[in-house]
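Accompanying notes for the structure given below.
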Amino acid sequence: MDRQHMRSPLARAMGLGSAKKGVEHWWAERVSAVALIPLTLWFVASIIAQTGSDHATFITWLRTPVATIMMVLLLVALFHHTALGLQVVIEDYRHAGAKFAALVIMRLSCFGLATAGIIATLHIAFGG
Amino acid sequence: MMPTSPAKRPRPLSPNIQNYRPQLTSVLSIANRISGVLLSLAAVVLVIWLLAAAAGPEAYAVVQGAFASWLGQVVLFGCTFAFFLHLCGGIRHLVWDMGYGYELGSIYASGWTVVAGSVVLTVLAWIASLVLGG
Amino acid sequence: MIIGSSDQVPRTTLLKRFPIPRNLGVAPESRIGRGKTWPAPAGAVRVKAFEIYRYDPDTDDSPRLDTFEVDLDDCGPMVLDALIWIKNNVDSTLAFRRSCREGICGSCAMTMDGTNWLACTRFISDLATPATVYPLANMRIIKDLVPDLTHVFAQYAMIEPWLQTRTPEPERERPQSPEERSRLDGYYECILCFCCTSGCPSHWWNGDRFLGPAALLQAYRWLADSRDEATGERLDILEDPFRLYRCHTILNCTRTCPKGLNPGKAIAEIKKMVLERRT
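Residue numbers (this note's numbering), protein chains in the order written: chain G, 724 to 851; chain E, 2 to 135; chain U, 860 to 1138.
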């Protein structure tokens, strides 16, 4: 280790101490993953079935209650899982200042995009 | 306490990723991460697509046109592969999280299954799309 | 599964290194230059070239790669035998740790052909030609193949690897059933060679805060010990986004353990315990 560091190796390893939490993030990532398995498979199957359809056909399909509900659930689960996953990626590769800015921007973007997607879906579902 | 001495140069760090052999374990893990990041970009595209559909037929046609271009098709193919890779890899992770599949033989068997499964599912999805879409 | 010999480790090699520049992200003091070549003695028939990482802290030179041609008929079958042959016959300044020469002390852990293993249990014939011998990955190097293990040992000390009890000491032994004892199998055998921790990409990027598979496997050894009475406190020490949860189940650790142990599984069991205590 650096000769300049006077801190003992044990103190350096202990750092700021244990946060005593972390399982909530891990569990939420797994729960959202389980939710995403049926939701994404439904989504991929649906857009395959919708290949070549025009705007009107697509809107009619998305207006059905099942499609609307599934799409909203998909957006919620997808952006929750994305936010959790990207948080881990940012924490892995960025440390100190840039990390916090990146985390804030990422989290707010996910929230904003999820909201935009849900509003768009509801707009299609309930609009004229 | 050692006597003060002129600052010594730091000890070198032995190479890590520059030298360590890529193995199925690490390669599939980074592939799962890369596919995940790509899918988050695809999620942005999904929202744009929904917003275009909500805006009306003209906006929708623009986005559909972009998807239909050759670049759009390549990107969609890549997204499909990333999706199935992340899906199969994710299921493998969920099995691990339950505590199963850690023997070295199982790790390698499930790993190759993920690779083969992702390729097969991607091809099947695109065949289905071509058949249904005409 | 306990690996008896390195033959049981899967060996499909598609790529020898990740396709990135050799000096990507490498600090100036760690860049590796070309070194000397030491030819085989005259009359040697079976010769194998070994490219060995060298670093001398007493000079100003940067680390380099020396090539040694080893007479295989004159040394034993293991990589450690080749290193000892080089030290005895060619260059006595070659520095490496070794002791038991039978895969139990953990001293001679190093990166051979890009994978971590013990030099004394790795057959020379398992390596490519030329064979590459580097010190354990991602370690500060004291000299040649000798890594500075201070930090990883500090992380091991941090998990408090001793029995902790509150009930008063019994007159004789602390009883433990055979079934309870069997729950330690596969964890107590760790020789602290740190092959696993050195091969973990998460420890490469976050090794200052992430404990790594070796320390976590030992932490689970104490969590699984029925005689221990500090399970809650141990889990408190471990439950941290960095100390435990930088593990993303990459599983390089299980792949590389020279004793056939399973740190990945141990960490999964710890995560299950952490989840169970709050559900």
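Positions of the beta carbon are idealized from the N, C-alpha and C atoms, including for glycine.
From a predicted model like this one, the values you see are computed outputs, not experimental measurements.
Would you say Pro1072/U and Thr980/U are within 8 Å of each other, going by their C-beta atoms? No, Cβ-Cβ distance for Pro1072/U and Thr980/U is not below 8 Å.
Boundaries of the beta strand (DSSP E) in which Tyr912/U is found, first to last residue: Val906 to Arg913
Can the beta-carbon of Ala908/U be found less than 8 Å from the beta-carbon of Thr988/U? yes
Which chain E residues sit within Cβ distance under 9 Å of Arg728/G? For clarity, residue 728/G is His in the given sequence; the question names Arg instead. Per Cβ cutoff of 9 Å: no residues; His728/G is ~11 Å from chain E at best.
Between the stretch 779-792 of chain G and the stretch 750-757 of chain G, can you find at least three pairs of beta-carbon atoms closer than 8 Å? no
Provide the residue span of the alpha helix (DSSP H) that contains Gly90/E, from first to last. First-last of the alpha helix (DSSP H) with Gly90/E: Trp71 to Asp98.
Looking at the structure shown, is Tyr993/U part of a helix, part of a strand, or coil, going by DSSP? strand
Quick check on the DSSP output: the beta strand (DSSP E) that includes Val929/U runs from which residue to which? Arg923 to Asp930
Are the C-beta of Asp933/U and some C-beta of chain G separated by less than 8 Å? no
Just the chain C side, please: which residues come within less than 9 Å of Ile49/E by C-beta, in chain order? Any reference to chain C falls outside this structure, whose protein chains are G, E and U.
How would you list, in chain order, the residues of chain E whose beta-carbon sits under 7 Å from the beta-carbon of Ser801/U? What is shown of chain U runs 860 to 1138, which leaves residue 801/U out entirely.
Three-way DSSP call (helix, strand, coil) for Trp897/U in this model: Looking at Trp897/U - three-state DSSP - the assignment turns out to be strand.
Three-state secondary structure assigned by DSSP to Arg786/G: Arg786/G falls in the helix class under three-state DSSP.
Can you find at least 3 beta carbon pairs, one from the stretch 993-1004 of chain U and one from the stretch 1072-1081 of chain U, that sit closer than 8 Å? no
I'd like the span of the alpha helix (DSSP H) that includes Ala968/U, first residue to last. It is not in any alpha helix (DSSP H) - Ala968/U instead sits in the beta strand (DSSP E) that spans Ala968 to Met971.
Starting from Trp50/E, follow the alpha helix (DSSP H) in both directions and report where the run begins and ends. Leu25 to Ala56
May I have the straight-line CA-CA distance separating Gly850/G from Ile92/E, to the nearest angstrom? 38 Å
At a CB-CB cut-off below 7 Å, which residues of chain G make contact with Tyr61/E? His778
Rounded Cβ spacing between Leu1022/U and Asp1087/U (contact assumed at less than 8 Å): 6 Å
CB contact below 8 Å: Val757/G versus chain U: no
In this structure, does DSSP put Thr1113/U in helix, strand or coil? When secondary structure is reduced to three states using DSSP, Thr1113/U falls in the helix class.
Return no unless some Cβ of chain U is closer than 8 Å to the Cβ of Thr26/E. yes
For a contact meaning CB atoms closer than 8 Å, what does Gly100/E contact in chain U? Lys1124, Ala1127, Glu1128 and Lys1131
To the nearest angstrom, report how far apart Asp920/U and Leu942/U are at their CA atoms. 22 Å
Burial state of Ile861/U, where buried means 16 or more other Cβ atoms lie within 10 Å: Below a pLDDT of 50, predicted positions are generally treated as unreliable, and Ile861/U, at 46, falls in that range; no measurement from the model is reported.
If I measure Cβ to Cβ from Phe84/E and keep anything under 7 Å in the same chain, skipping five residues before and after, which residues do I get? Leu40
Cutting at 8 Å between CB atoms, please list the residues of its own chain near Thr805/G, excluding the five before and the five after it. Cys833
Opposite Lys1002/U in the DSSP bridges: which residues? Val1005/U
Taking only the alpha-carbon atoms, compute the straight-line gap between Thr844/G and Val124/E and give it to the nearest angstrom. 29 Å
Identify every run of the alpha helix (DSSP H) within the stretch 1008-1057 of chain U, keeping only runs that are complete inside it and at least 4 residues long; order them along the chain. Entirely contained in the stretch 1008-1057 of chain U, the alpha helix (DSSP H) runs reaching 4 residues are, in chain order, 1009-1017, 1037-1041 and 1054-1057.
Taking Cβ positions only, does Lys946/U come closer than 8 Å to chain E? So no, Lys946/U is outside the interface.
If you reduce the DSSP assignment to three classes, tell me which class Thr780/G lands in. helix
Quick check on Thr974/U: does DSSP put it in helix, strand or coil? strand
Enumerate in chain order the residues of its own chain whose CB-to-CB distance from Ala825/G is below 7 Å, with the five nearest sequence positions on each side excluded. Ile813 and Arg817.
Per-residue contacts from Phe84/E into chain G (C-beta, under 8 Å): Thr763 and Val767
Closer than 7 Å by beta-carbon distance: list the chain U residues that pair up with Met737/G, in chain order. Met1017
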